[in-house]
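J.:
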Amino acid sequence: MILDQQVGSGQLSEDVRHRVHEALLKQHHHQNQKKLSNRIPIVRSFADIGKKQSEPHSMDKNAGQLVSPQSVPTTETKNDVSRENSTVDFSKVDLHFMKKIPPGAEASNILVGELEFLDRAVVAFVRLSPAMLLSGLAEVPIPSRFLFILLGPLGKGQQYHEIGRSIGTLMTDEVFHDVAYKAKDRSDLVAGIDEFLDQVTVLPPGEWDPTIRIEPPKNVPSQEKRKIPGVPNGTAAHGGPEPLGGHSGPELQRTGKLFGGLVLDIKRKVPFFLSDFTDAFSLQCLASFLFLYCACMSPVITFGGLLGEATDGRISAIESLFGASMTGIAYSLFGGQPLTILGSTGPVLVFEKILFKFCKEYGLSYLSLRASIGLWTAILCIILVATDASSLVCYITRFTEEAFASLICIIFIYEALEKLYHLRETYPINMHNNLELLTQYSFKEV
Numbered sequence: 001m002i003l004d005q006q007v008g009s010g011q012l013s014e015d016v017r018h019r020v021h022e023a024l025l026k027q028h029h030h031q032n033q034k035k036l037s038n039r040i041p042i043v044r045s046f047a048d049i050g051k052k053q054s055e056p057h058s059m060d061k062n063a064g065q066l067v068s069p070q071s072v073p074t075t076e077t078k079n080d081v082s083r084e085n086s087t088v089d090f091s092k093v094d095l096h097f098m099k100k101i102p103p104g105a106e107a108s109n110i111l112v113g114e115l116e117f118l119d120r121a122v123v124a125f126v127r128l129s130p131a132m133l134l135s136g137l138a139e140v141p142i143p144s145r146f147l148f149i150l151l152g153p154l155g156k157g158q159q160y161h162e163i164g165r166s167i168g169t170l171m172t173d174e175v176f177h178d179v180a181y182k183a184k185d186r187s188d189l190v191a192g193i194d195e196f197l198d199q200v201t202v203l204p205p206g207e208w209d210p211t212i213r214i215e216p217p218k219n220v221p222s223q224e225k226r227k228i229p230g231v232p233n234g235t236a237a238h239g240g241p242e243p244l245g246g247h248s249g250p251e252l253q254r255t256g257k258l259f260g261g262l263v264l265d266i267k268r269k270v271p272f273f274l275s276d277f278t279d280a281f282s283l284q285c286l287a288s289f290l291f292l293y294c295a296c297m298s299p300v301i302t303f304g305g306l307l308g309e310a311t312d313g314r315i316s317a318i319e320s321l322f323g324a325s326m327t328g329i330a331y332s333l334f335g336g337q338p339l340t341i342l343g344s345t346g347p348v349l350v351f352e353k354i355l356f357k358f359c360k361e362y363g364l365s366y367l368s369l370r371a372s373i374g375l376w377t378a379i380l381c382i383i384l385v386a387t388d389a390s391s392l393v394c395y396i397t398r399f400t401e402e403a404f405a406s407l408i409c410i411i412f413i414y415e416a417l418e419k420l421y422h423l424r425e426t427y428p429i430n431m432h433n434n435l436e437l438l439t440q441y442s443f444k445e446v
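As numbered in full-length UniProt numbering, residues 1 to 446 make up the sequence shown, in order.
1. How about Leu147 and Gly113: are their beta carbons less than 9 Å apart?
2. Within 10 angstroms of the Cβ of Phe272, are there 16 or more other Cβ atoms? Answer buried if so, exposed if not.
3. Would a C-beta distance cut-off of 9 Å place Ile411 and Val350 closer than the cut-off?
4. Between the alpha carbons of Phe125 and Ile212, how many angstroms are there, rounded?
5. Classify residue 490 as buried or exposed, calling it buried when 16 or more other Cβ atoms lie within 10 Å of its own Cβ.
6. Just to confirm my understanding: we take Gly308, look at its own chain, exclude 5 residues before and 5 after, and list those with CB closer than 6 Å. What are they?
7. Could you round the C-beta distance between Cys296 and Ala324 to whole angstroms and report it? I think they count as a contact, below 8 Å.
8. To the nearest angstrom, report how far apart Glu445 and Glu425 are at their CA atoms.
9. Touching or not, the stretch 254 to 271 and the stretch 397 to 406, by the rule of three or more beta carbon pairs under 8 Å?
10. With DSSP collapsed to three states, give me the class of Arg370.
11. In terms of residue numbering, what span does the alpha helix (DSSP H) encompassing Leu264 cover?
12. For Gln6, count the other beta carbons within 10 Å of its own beta carbon; 16 or more makes it buried, fewer makes it exposed. Which is it?
13. By DSSP's criteria, Leu150 is part of a beta bridge. Which residues make up the other side?
14. To the nearest whole angstrom, what separates the beta carbons of Gly152 and Ala121, a pair I think is in contact under 8 Å?
15. At which residue ranges does the stretch 293 to 347 contain complete alpha helix (DSSP H) runs of 4 or more residues, listed in the order of the chain?
16. Taking a contact to mean a Cβ-Cβ separation below 9 Å, would you say Arg145 touches Ala183 in this structure?
17. With distances taken from CA atoms, which of Ala105, Ser390, Ile2, Tyr414 is nearest Pro255?
18. Leaving out the 5 sequence neighbours to the left and right, which residues in its chain are closer than 8 Å to residue 461 when beta-carbon positions are compared?
19. Classify Ala237 as helix, strand or coil using the three-state DSSP reduction.
20. Which one of Pro216, Leu25, Glu215, Leu170 has the shortest CA to CA distance from Asp194?
21. Just the Cα atoms here: how many angstroms apart are Leu292 and Phe303?
22. Counting only the same chain and skipping the five closest in sequence on each side, list residues whose C-beta sits under 6 Å from that of Ser108.
23. Who are the near neighbours of Thr311 in its chain, counting only those whose CB is closer than 7 Å to its CB and skipping five residues on each side?
24. Do Phe259 and Val385 count as a contact pair if the criterion is CB distance below 9 Å?
25. Cutting at 8 Å between CB atoms, please list the residues of its own chain near Phe176, excluding the five before and the five after it.
26. With DSSP run on the structure shown, which of helix, strand or coil describes Leu349?
27. Taking a contact to mean a Cβ-Cβ separation below 9 Å, would you say Thr345 touches Ser332 in this structure?
28. Give the secondary structure of Ala378 by DSSP, where H, G and I count as helix, E and B as strand, and everything else as coil.
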């Protein structure tokens, strides 16, 4: 089937298909097997002969215990691997290596080589479903799940060997191992390789001194962060699609209960509530205190002065300082985010100017209407919290934020041009002046 697909895709010609098939079916030699040509015939004693005759029986017994599905329960291997239904020669099994393999393990076979009749490389990555016991392929009789085949023309054997070694390194990685199991097409495998290359440490061969040893880390880094979907190519190695806005935190998920989101938020913030205050006594927080003081004080005074000018002194810098201090203290105590900066901003200034202009045109009390708006805002916020409306933030994208920011910028630009226009009325410009009057003077005798 592999060769048929290679022929159909044009990677392999029909003329050499049969010869490649014969090369793949050749007997494999493993590291634990010695070549017959290197064996020197010697006269063995009766003790050696008896030992050799007893070894197959002990191997049969041990091998049956290791690979029999009745004795080793596994969820990944579904095919029965036992002596009764397999043709494995257990007398040639490397039992010392077999004892180190955990139950339920599966093999990844990497086959690379050179063929003189090939004019181009033939590459195939195969995942078997279910895993199958391929006799004589692996050193130990365990099911094979993956096959990597790389055959090419003569002269590039070292490159093929390095590619096979790289594939073996990839298969030992925990994250890429999961990607290989769940990949649906070639792009998923490529994304998994890209993610592995982003996390791997590479030593340049020309600059690395073999005499200098790199100490291994004291603790093995966790791989959980790598399992989060999202890779540099923009496609997930494995997992479902992300939300529209890119916000996938648990605090933005609808609970379906009254004040459910608030209860979960309190449970998340309670363990850190006390530390938010105890950590403030550290001397390292002094710079943060000064920064927050300047960051809060400067915009409040600036926008407070602008509000006093826009509202005819009804809300000025003093009122802005008092409001910012009250809301800042309350939010820092109960909001769970003591580093959040609260105060007057550009949109608030625009809103207050429009509201004051509206009250002035219709003869309404500005402060009374402003207090009513604050109460209604509080009621609406309570309703939104009770119904978990914060989950709608997932649908707010960067485009929405930029649209509101652009609106505020346009309003400020319009007001600046409007002030320049009205400045002409206060200080008119004489466009028809006589320049000769500037040089004439006279004295009056007293």
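Heads up, the beta-carbon is just placed ideally off N, CA and C, and yes, glycines get one too.
T.: The short version:
1. Not a contact, by the Cβ cut-off of 9 Å.
2. Counting C-beta atoms within 10 angstroms of its own C-beta, Phe272 has fewer than 16 neighbours from the protein chains shown and is therefore classed as exposed.
3. It is a contact, given that the beta carbons lie within the stated cut-off.
4. Distance between the alpha carbons of Phe125 and Ile212 is about 37 Å.
5. There is no way to answer for residue 490, as the model of the chain reaches only from 1 to 446.
6. Closer than 6 Å at Cβ, skipping near neighbours: Ser316.
7. Going by Cβ atoms, the distance from Cys296 to Ala324 rounds to 6 Å, so yes, they are a contact pair.
8. When rounded, the distance between both Cα atoms is 39 Å.
9. Verdict: no, contact absent.
10. Reduced to three states, the DSSP call for Arg370 is helix.
11. Looking at the DSSP string, the run of the alpha helix (DSSP H) that includes Leu264 is 260 to 278.
12. The residue is buried, with at least 16 neighbouring Cβ atoms inside 10 Å.
13. Per DSSP, Val112, Val123.
14. That belief holds up - the Cβ atoms of Gly152 and Ala121 are roughly 4 Å apart, short of 8 Å.
15. Counting only unbroken stretches of 4 or more residues, the alpha helix (DSSP H) elements lying wholly within the stretch 293 to 347 are 317 to 334, in sequence order.
16. Inclusion of Arg145 and Ala183 in the CB contact set at 9 Å is not warranted, their separation being larger than that value.
17. Checking the sequence shown, residue 255 turns out to be Thr, not Pro. The shortest C-alpha separation from Thr255 is found at Ser390.
18. Only positions 1 to 446 of the chain appear in the structure, and residue 461 is not among them; the question remains open.
19. Only weak support exists for where Ala237 lies, its pLDDT of 44 falling under 50; the value from the coordinates is given anyway. Here Ala237 sits in coil by DSSP.
20. Comparing Cα positions, the closest option is Leu170.
21. Their Cα atoms are separated by approximately 17 Å.
22. Listed in chain order, the non-local C-beta contacts of Ser108 below 6 Å within the same chain comprise Phe146, Met171, local neighbours out to five positions each way being set aside.
23. Here the set comprises Glu352, Phe356, Tyr366.
24. The beta carbons of Val385 and Phe259 sit closer together than 9 Å.
25. Beyond the five residues adjoining it in sequence on each side, Phe176 comes within less than 8 Å, by CB distance, of Leu170, Gly192, Ile193, Glu195, Phe196 in the same chain, given in chain order.
26. Three-state DSSP puts Leu349 in a helix.
27. In this structure, Ser332 does not lie closer than 9 Å to Thr345 by Cβ.
28. Ala378: helix per DSSP, three-state reduction.
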